[in-house]
Amino acid sequence: MRLSTSALVLGAASSALSLQDQKVLGSIENLRAKISHAGHDFDFAAWSKPFTDAFGEMTADAKATWQEVSTLAPEAFEAFRKHIKGIKPKKHSRIPNSKWDHIVRGADVDAAFGAQGTNSKVDGQLSSFNLRVKEVNPADLGVDKVKQYSGYLDDDENDKHLFYWFFESRNDPKNDPVVLWLNGGPGCSSLTGLFLELGPASINKKLELVNNPHAWNNNASVIFLDQPVNVGYSYSSGSVTDTVAAGKDVYALLTLFFKQFPEYSHQDFHIAGESYGGHYIPVFADEILSHKKRNINLKSVMIGNGLTNGLVQYESYRPMACGEGGYPAVLDQGSCQSMDNALPRCQSLVEGCYNSESVWTCVPAAIYCNNALLLPYQRTGQNVYDVRSKCEDSSNLCYSALGWISAWLNKPEVISALGAEVDSYDSCNMDINRNFLFHGDWMMPYYRKVPGILEELPMLIYAGDADFICNWLGNRAWTDKLEWKGQEEYSKAKTLKLKFGQEGGKYEEVDESDKADGYGSFKTAHNLTFMRIYKAGHMTPMDQPEASIDFVNRWLGGEWVAK
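Taking mature numbering (1 follows the signal peptide of the UniProt record, and there is no 0), I'd label the letters of the sequence shown as residues -18 to -1, 1 to 545.
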């Protein structure tokens, strides 16, 4: 559902280290002395052997970095060493093919491509993939009255099975666009987005369904996808460890889905998501665009409160936590100063990751930066997804409703109605979360794909302004600093009011100190648009549902798309 705090502070510095010790790293000898005094015995050569066995030998520079950061955060690196042994597969029971309403075989699509030659609208290696489809009876669950499909994308050669749930538009399904929704984590189910944010219904404490009048499928058909494998209802005996590999699966699913349902393939298609979706979506869009002969009519991408460029965005944590993001400070002056002290080393580590794109440089960068710049905030007990409130339920990522959603999705009758094959559902899989972190994906510079995407597609970056973890300051900063063909014009663009009932093109300049007039602000030029949504946390559609459906419908209608 969102960027998980378990990974953000994974490997938090040993509790024996005080906050004052979490400043710019000093000499290795001094840090070793602190750890040793706290009862830790540090033997780096023996300790690091499982890593070199798994990923190969380190360079001298990488070894020095790992020694430095592992001394500061020994618990993190011990978790890393244990984790590289693998992920425990989810228990599941395969439903016979005869029980499914439709099966699309990738090998048949490949064969059709070969027969049709250059006029084919699909390409890519699809022979190992199949799509299973169940026609969900809307009356069985009561989530919505519209046409629904659920099922799995199967890669049987690699034992990967991705679950999806499709809801047709409530309005004009023959003409309305299609949206793919992706939650983040990494490792969090998109079904939490369905029931907590933008789907046709929510689930209350009594596990009752409540209609959502501001659902995104009011004017668009929406696919909710549990990805990567082992997330939500998806499963595998193996694992996906990075965003690029996940993108191959998503392309296959969409291709086979639109092959089965060609009536949707001619309609505009958009990818939307939040949080770690800031990683996913540039990669997934790039994967789709790389296939020139495709049946996916991709028209735009939308990223809400995303993590896209860590080098720029991590600089925003101190100002957001210390009262410079439009809300009262959460941290005291000493903690704010500690974060300032830590930032230069964090940035140098991330730059090393960006230069090498290696696990040996990207993992220490993520662990150091998360400990130094996120842990001080989390220790306060404040909600990392909303600076306005305390974390109400730490067992459910601060939101009790996540537990209600999981309980409902674990009902046997729900599992049966959807054709889900796993024995149990979890809103987030922390093994996947750690797996991505420990393979270096967290700090990878996927933002570099954005300029190429902007040459072909419009991109909307929106951010609820009460979020801490993927805050609006950081999202504004990376879009402002992005080097692309439209950068000069974008830098000169004015910030304008975002209000209900606006007519396209008739906008007023914004006074950011006055939130009473309008629900947000925006800046746009060419194919890039940035929006700040007032009084919304990490999950903008949950906190501001009416505003969200307003700007989403206007975006899908082309209001801010370059003409």
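Every residue gets a Cβ at the ideal spot worked out from N, C-alpha and C, and that includes glycine.
Where do the N-terminal and C-terminal ends of the beta strand (DSSP E) with aspartate 136 fall, by residue? Annotation for aspartate 136: the continuous beta strand (DSSP E) segment containing it runs 130 to 137.
When we look at the beta-carbon of residue 571 and count the other beta-carbons within 10 Å, is it buried (16 or more) or exposed? A query on residue 571 cannot be resolved here, the shown segment of the chain reaching from -18 to 545 and no further.
Own chain residues within Cβ distance below 6 Å of tryptophan 537, not counting five before or after: Only residues of its own chain outside the window of five on either side were considered, and among them Leu442 have a CB closer than 6 Å to the CB of tryptophan 537, listed in chain order.
Going by Cα to Cα distance, which pick from Ala354, Glu50, Asn79 and Pro394 is closest to leucine 123? If we check each option's Cα against that of leucine 123, Pro394 comes out closest.
Supposed close pair asparagine 378, glycine 385 - CB separation, criterion 8 Å: Between asparagine 378 and glycine 385, the beta carbon gap of about 5 Å places them in contact (Cβ cut-off 8 Å).
What are the start and end residues of the beta strand (DSSP E) that includes phenylalanine 482? Boundaries cannot be given for phenylalanine 482, as no beta strand (DSSP E) includes it and DSSP labels it neither H nor E.
Residue environment, lysine 116, which counts as buried when at least 16 other CB atoms sit within 10 Å: With 16 or more neighbouring CB atoms inside 10 Å of its own CB, lysine 116 falls in the buried class.
Between which two residues does the beta strand (DSSP E) carrying glycine 288 extend? Element bounds for glycine 288: 280 to 288.
Can you find at least 3 beta carbon pairs, one from the region 281 to 297 and one from the region 457 to 465, that sit closer than 8 Å? Yes, since at least three Cβ pairs between the region 281 to 297 and the region 457 to 465 fall closer than 8 Å, the two stretches touch.
Alanine 183 and leucine 191 look like a contact to me (Cβ under 8 Å); what is the Cβ gap, rounded to whole Å? A Cβ-Cβ distance of about 5 Å is found for the pair alanine 183 and leucine 191, placing them in contact under the 8 Å criterion.
Between which two residues does the alpha helix (DSSP H) containing glycine 260 stretch? It spans 259 to 272 - the alpha helix (DSSP H) in which glycine 260 sits, taken as one unbroken run.
Quick one: Cα of valine 51 to Cα of glycine 38, how far? Rounded to whole angstroms, valine 51 to glycine 38 spans 19 Å at the Cα level.
Measuring alpha carbon to alpha carbon, tell me which of Met426, Gly255, Ser503 and Thr237 ends up nearest serine 247. Nearest option by C-alpha distance: Thr237.
Unbroken stretches of the alpha helix (DSSP H), 4 residues or longer, contained in the region 319 to 370: The region 319 to 370 contains these whole alpha helix (DSSP H) runs: 341 to 355 and 357 to 360.
Of the residues Tyr336, Pro527, Tyr131 and Ala311, which one's Cα is nearest the Cα of arginine 370? Ranked by how close their Cα comes to the Cα of arginine 370, the residues Tyr336, Pro527, Tyr131 and Ala311 have Ala311 in first place.
Short check: CB of proline 210 to CB of glycine 255, under 9 Å? By the CB criterion at 9 Å, proline 210 and glycine 255 fall outside the cutoff.
Per the DSSP calculation, asparagine 193 is bridged to which residue(s)? Checking the DSSP bridge columns, you'll see asparagine 193 partnered with Ala183.
Compare the beta carbon distance of phenylalanine 145 and aspartate 208 with 9 Å and say whether it is the shorter of the two. Less than 9 Å divides the Cβ of phenylalanine 145 from the Cβ of aspartate 208.
Could you check whether glycine 286 and glycine 259 sit closer than 9 Å to each other, using their CB atoms as the reference points? Glycine 259 is a Cβ neighbour of glycine 286, given a cutoff of 9 Å.
Own chain residues within Cβ distance below 7 Å of valine 366, not counting five before or after: Contacts found: Thr(-14), Tyr359, Gln360, Phe450 and Ile451.
Bridge partners - glycine 305, DSSP secondary structure assignment: Under the DSSP definition of a beta bridge, glycine 305 lacks any partner.
Should asparagine 12 go down as buried or exposed, given a rule of 16 or more other Cβ atoms within 10 Å for buried? For asparagine 12, the predicted model reports a pLDDT of 44, less than 50, meaning its position is unreliable; a value from the coordinates is still stated below. Residue burial annotation: asparagine 12 is exposed, with fewer than 16 other C-beta atoms found within 10 angstroms of its C-beta.
Aspartate 368 versus asparagine 415: straight-line alpha-carbon distance, rounded: Rounded to the nearest angstrom, the two C-alpha atoms are 21 Å apart.
For asparagine 411 and tyrosine 489, what's the separation of their Cα atoms in angstroms? Each residue's CA atom was taken as its position, placing asparagine 411 and tyrosine 489 some 43 Å apart.
Can leucine 135 and alanine 234 be called in contact, C-beta distance under 9 Å? Cβ distance < 9 Å, so leucine 135 and alanine 234 count as in contact.
Glutamate 485 versus proline 433: straight-line alpha-carbon distance, rounded: So the alpha carbons of these two residues sit roughly 29 Å apart.
DSSP three-state call for alanine 311: helix, strand or coil? Residue state, collapsed to three classes: coil.
Closest by CA to serine 409, which one among His143, Asn212, Arg430 and Gly308? Comparing Cα-Cα distances from serine 409 to each of His143, Asn212, Arg430 and Gly308, the minimum goes to Asn212.
Distance between valine 345 and cysteine 373 (C-alpha atoms, nearest Å): Approximately 27 Å between the Cα atoms of the pair.
In chain order, what residues of the same chain lie with their CB nearer than 6 Å to the CB of methionine 302, ignoring the 5 residues before and after it? Answer for methionine 302: Phe450, Asn453 and Leu455, listed in chain order.
Which residues in the same chain as serine 298 place their Cβ atom closer than 7 Å to its Cβ, once the five residues preceding and following it in sequence are excluded? Cβ-Cβ distances below 7 Å link serine 298 to Asn453, Leu455, Gly456 and Ala459 in the same chain, with the five nearest sequence neighbours on each side left out; the list follows chain order.
Which of helix, strand or coil DSSP assigns to tyrosine 217: Tyrosine 217 falls in the strand class under three-state DSSP.
In the DSSP assignment, the alpha helix (DSSP H) including alanine 445 goes from what residue to what residue? Per DSSP, alanine 445 belongs to no alpha helix (DSSP H); it is in the beta strand (DSSP E), 441 to 446.
Burial state of tyrosine 472 (16 or more Cβ within 10 Å): Flag for tyrosine 472 reads buried.
Which residue or residues does DSSP assign as beta-bridge partners of glutamate 491? Note: glutamate 491 sits in a beta bridge opposite Leu478.
Out of Glu465, Ala448, Asp499 and Glu470, which one is the CA nearest neighbour of lysine 479? Selected option, being the one with the closest Cα: Asp499.
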